[in-house]
Amino acid sequence: MKKAEFKLGGMHCANCALTITKILGKLEGVKSANASFASEKAVVEFDESLVDEKKIISVIEAAGYKAIANEGYSHSGRDHAAEFKSKEISELKFSLLISIIFSVPTVLLGMYLMDFPFRMLLLFAFTSVVQFGVGWRFYSGAWKALENKTSNMDTLIAIGTSASYFYSVAALLGFATEQYFEISAILITFVIAGKYLEALVKGRTGEAIKKLLNLAPKTAIVLRAGKEVVLPIEEVVIGDIVFVKPGGKIPVDGFVVEGESSIDQSMLTGESIPVEVGKGVRIFAGSINKGGAFKFRVKKVGKETVLAGIVKIVAEAQASKAEIQRFADRVSAYFVPTVILIALVAFFIWYFVLGQSFSFALLISVSVIVIACPCALGLATPTAIIVGTGIGAQKGILIKNAQALESAYKINTVVLDKTGTITEGKPEVVDFIVFEKQKAKEALSFAYSLEKNSEHPLAGAIIGYASKKKASLLKMQKFRAIHGVGVEGIIGKKKLFLGKAGTNEGKEVLEALAAIEEEGKTAVVLKENGETTAVIGVADVLRKNSASAIAELKKLGLEVWLISGDNERVTSAISKKVGIENYFSEVMPAEKAEYVKKLQSEGKKVAMVGDGINDAPALAQADIGIAIGAGTDVAIEAGSIVLMRSDPLDISRALKLGRATMDKIKQNLFWALIYNVAGITVAAGIFYPSFGLLLSPAIAGGAMALSSVSVVSNALLLKRVKL
1 MKKAEFKLGG MHCANCALTI TKILGKLEGV KSANASFASE KAVVEFDESL
51 VDEKKIISVI EAAGYKAIAN EGYSHSGRDH AAEFKSKEIS ELKFSLLISI
101 IFSVPTVLLG MYLMDFPFRM LLLFAFTSVV QFGVGWRFYS GAWKALENKT
151 SNMDTLIAIG TSASYFYSVA ALLGFATEQY FEISAILITF VIAGKYLEAL
201 VKGRTGEAIK KLLNLAPKTA IVLRAGKEVV LPIEEVVIGD IVFVKPGGKI
251 PVDGFVVEGE SSIDQSMLTG ESIPVEVGKG VRIFAGSINK GGAFKFRVKK
301 VGKETVLAGI VKIVAEAQAS KAEIQRFADR VSAYFVPTVI LIALVAFFIW
351 YFVLGQSFSF ALLISVSVIV IACPCALGLA TPTAIIVGTG IGAQKGILIK
401 NAQALESAYK INTVVLDKTG TITEGKPEVV DFIVFEKQKA KEALSFAYSL
451 EKNSEHPLAG AIIGYASKKK ASLLKMQKFR AIHGVGVEGI IGKKKLFLGK
501 AGTNEGKEVL EALAAIEEEG KTAVVLKENG ETTAVIGVAD VLRKNSASAI
551 AELKKLGLEV WLISGDNERV TSAISKKVGI ENYFSEVMPA EKAEYVKKLQ
601 SEGKKVAMVG DGINDAPALA QADIGIAIGA GTDVAIEAGS IVLMRSDPLD
651 ISRALKLGRA TMDKIKQNLF WALIYNVAGI TVAAGIFYPS FGLLLSPAIA
701 GGAMALSSVS VVSNALLLKR VKL
């Protein structure tokens with residue numbers, strides 16, 4: 001299965017996105033498809049053996065829309081989707097200009113210059129240019145919608161303006177007494193103006209991706225045949241040695257091979273403090289060299305870089321659909337035919353029941369049709385999602401889909417893994433207690449030899465300590481790792497074990513274990529032929545913001561739990577240090593998901609926070625998984641939200657962002673629905689008999705155009721939220 005993104009054009013309302021989603025879903029080989037009106041993108045998962053990108057594009061275009069395969073971030077940093085959007089905005093601008101040029105004289109002739117020579121013929125000529133030149137897009141869209149057995153905004157605009165235009169043509173030919181050419185022209189002008197403003201404002205919602213795309217430079221200084229050569233970034237290949245000058249941008253991912261410096265990764269991770277780098281340190285495209293010059297070997301280029309991965313995830317998140325969007329989709333699906341029915345009923349009542357003139361009833365029905373376009377309703381949810389995910393990306397909070405933001409809103413319980421989440425995940429040996437001191441050197445060599453074969457987080461601490469003490473690496477036989485318990489093996493004639501203490505330890509060993517664990521350190525024992533000969537104390541430093549992060553989570557009214565594989569004594573000590581009252585101790589890695597499930601069974605909505613490696617099952621089980629871990633490949637795959645700078649305070653920021661985004665969505669949906677209900681009520685003339693309140697088609701057109709802009713603008717206010 002392949003997942004591809006397509007940039008869409010020619011969509012005028014949420015129904016257009018629903019139509020594209022529907023027709024793609026019926027295409028053989030397509031597993032899933034989701035088109036977004038706000039982001040103007042479609043994400044399609046399909047079987048390459050049955051369908052390809054060209055076929056998908058042809059199906060979209062056959063339905064009356066435009067589409068290109070969105071290649072996203074390329075070697076050159078070129079944003080094809082942005083170019084596609086820019087072209088569409090230019091076309092709208094040109095259409096608006098033509099519409100204004102012909103609409104202004106139409107309004108003057110229609111409303112003020114009553115005795116102008118050839119007035120009706122000029123009105124007919126000017127309006128026809130607008131109606132069938134600029135407005136042809138609405139006829140085309142309405143016809144394509146009809147072919148797809150649906151209706152959309154184009155349907156409403158085509159019906160409303162055509163009613164006004166052809167009634168005026170009848171007046172020109174002497175079959176009616178009044179003309180409304182200017183109504184038709186100004187309606188189309190207002191709609192195009194609204195679409196143009198909407199496109200400009202929507203462009204601001206995608207600023208996050210634009211900024212990310214602009215991070216990488218277009219060229220790189222590469223060493224070729226012993227010389228420094230400036231090459232376009234697309235010509236840089238894996239294995240090249242790249243030279244970076246002070247102040248220069250890092251063009252691709254790699255590892256430093258010569259020199260030292262400090263680099264600014266803030267646009268990738270949100271972390272403002274520069275990172276010190278030297279030989280062997282991994283660096284990422286888009287970072288800025290703040291210190292000395294250095295050279296690095298290229299490891300990843302183009303779409304394989306971490307920057308490209310982030311851009312892809314943000315783009316997919318912005319095109320994804322939240323659960324609450326389904327409500328808006330259901331309303332939009334029935335909205336257009338309902339509005340047409342209301343317009344017909346209003347015409348019937350005013351003309352046949354209340355005895356008003358034909359032109360009066362006609363204008364009432366046109367006003368109803370025009371003001372009720374479902375654009376604002378379709379934009380309410382996705383624009384907030386786009387802005388929310390963009391804000392997150394700029395602050396080092398990588399949100400992978402709309403559901404993550406929606407789930408964040410509902411969370412009431414947070415479960416934190418200990419190692420690598422509230423601690424640095426870089427343990428160090430601080431105690432090495434040997435019960436027979438003359439065997440200290442031998443015991444350290446045994447521990448060193450055992451852990452040299454282990455991948456456990458504590459192994460690195462013991463190996464590092466033993467290396468500093470210049471311990472010997474001994475020949476090991478029958479090595480075996482016992483998951484969640486420890487490691488064992490045979491050296492010479494001794495059967496060795498290093499790991500958790502047993503239940504039958506002697507008094508001296510128990511006292512040593514207690515002393516270490518009461519300080520919040522992790523203790524492991526070394527056994528020789530079943531007898532404990534040493535106790536090793538390992539301390540993992542708390543992250544500097546751990547206690548503050550817990551306090552912030554509590555301020556949000558959240559219940560906080562700590563989950564750890566350490567015993568009750570160690571887990572309790574760590575919990576007290578950071579201010580957590582609830583904890584699970586002695587939990588095997590594979591059991592963490594069960595503990596999350598246990599909390600969920602009590603009706604809690606759980607966010608699991610882990611390092612994205614051994615916590616993957618628990619992250620998947622939780623209502624939302626938050627991976628904390630410096631943008632590693634594993635972390636990015638593990639959670640629905642990834643905290644790129646590994647700051648525990650970002651946990652509360654991510655949840656605040658989810659709450660703020662959902663609040664905006666609810667505001668947008670509320671006002672979009674109220675606007676349509678109130679607008680249709682006034683346009684239908686409900687208040688005309690009592691208050692003389694009536695809505696002309698021209699004002700209805702302007703109000704409809706501005707409603708979409710107001711919804712998008714409200715979503716942009718998310719940028720003011722303090723996280």
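Oh and the sequence shown: position 35 is 35 in the working numbering, straight run, nothing missing. C-beta: ideal position from N, C-alpha, C; glycine also. All values derive from a computational prediction rather than experimental measurement.
Inside the region 525-565, DSSP marks whole alpha helix (DSSP H) runs of 4 or more residues at positions 546-555, from first to last along the chain.
In this structure, the alpha-carbon of Ala285 lies about 17 Å from that of Val314. The region 549-559 makes no contact with the region 424-443; the number of CB pairs closer than 8 Å stays below 3. Distance between Glu488 and Glu531, taken at the CA atoms: about 13 Å.
Counting only runs of 3+ residues, the beta strand (DSSP E) found wholly inside the region 464-492 occupies 477-482 and 486-491, in chain order. In the DSSP secondary-structure assignment, Ala216 is not bridged to any residue.
The beta-carbon distance between Gly239 and Val298, rounded to whole angstroms, is 6 Å. This is short enough to meet the 8 Å contact definition. Remark: C-beta atoms of Leu377 and Ala14 approach each other more closely than 8 Å.
With respect to the C-alpha of Glu505, the residue from Val525, Ala515 and Leu496 having the closest C-alpha is Val525. For Pro689, the enclosing alpha helix (DSSP H) stretches over residues Tyr688 to Phe691.
Excluding five sequence positions before and after Val596, the CB atoms of its chain that fall closer than 8 Å to its own CB belong to Val415, Val606, Met608, Ala618, Gln621 and Ala622, given in chain order. If you compare the alpha carbons of Gly565, Leu200 and Gly625 with that of Ser713, the shortest gap goes to Leu200. Burial state of Tyr196 is buried, judged by a 10 Å Cβ sphere holding 16 or more other Cβ atoms. In terms of CA proximity to Tyr448, Ile463 leads the group Leu599, Glu455, Glu436 and Ile463.
Non-local beta-carbon contacts of Phe584 in its own chain, meaning distances under 6 Å to residues more than five positions away in sequence, involve Ile563 and Tyr595 in chain order. Taking a C-beta distance under 8 Å as the contact criterion, Gly160 and Val709 do not qualify as a contact pair. Selection Ala67, Ala322, Ile433 and Gly248 evaluated against Thr389 yields Ala322 as nearest (Cα-Cα). Between Pro274 and Ile283, the C-beta spacing is not below 8 Å. In the three-state scheme derived from DSSP, where H, G and I count as helix and E and B as strand, Ser164 is classed as helix.
Minimum Cα-Cα distance from Ala684 among the listed residues Val366, Val51, Ile89 and Phe126 corresponds to Val366.
For Leu405, the enclosing alpha helix (DSSP H) starts and ends at Ala402 to Lys410.
Among the bridge pairs identified by DSSP, Glu45 is matched with Lys3 and Ser32. Of Pro697, Ile100, Lys410 and Leu718, the smallest CA-CA separation from Gly603 is found for Lys410. Taking 8 Å as the cut-off, the Cβ atoms of Asn401 and Ser320 count as close. Judged by pairs of C-beta atoms under 8 Å, the region 91-107 does not touch the region 141-156, as fewer than three such pairs exist. In this structure, DSSP gives Lys195 a helical state, which the three-state scheme calls helix. Straight through space, the alpha carbons of Ile364 and Gly679 are spaced by roughly 12 Å.
Thr177 and Ser359 have their alpha carbons spaced roughly 9 Å apart. When DSSP states are grouped into helix, strand and coil, Asn70 belongs to the coil group.
About 6 Å separates the Cβ atoms of Leu8 and Lys41, confirming a contact at the 8 Å cut-off. When the alpha-carbon of Val570 is set against those of Asn545, Trp561 and Ala539, the nearest one is in Ala539. Between the alpha carbons of Ile233 and Phe294 lies a distance of about 18 Å.
Excluding five sequence positions before and after Arg480, the CB atoms of its chain that fall closer than 6 Å to its own CB belong to Glu488, given in chain order. The DSSP-derived three-state label of Asp650 is helix.
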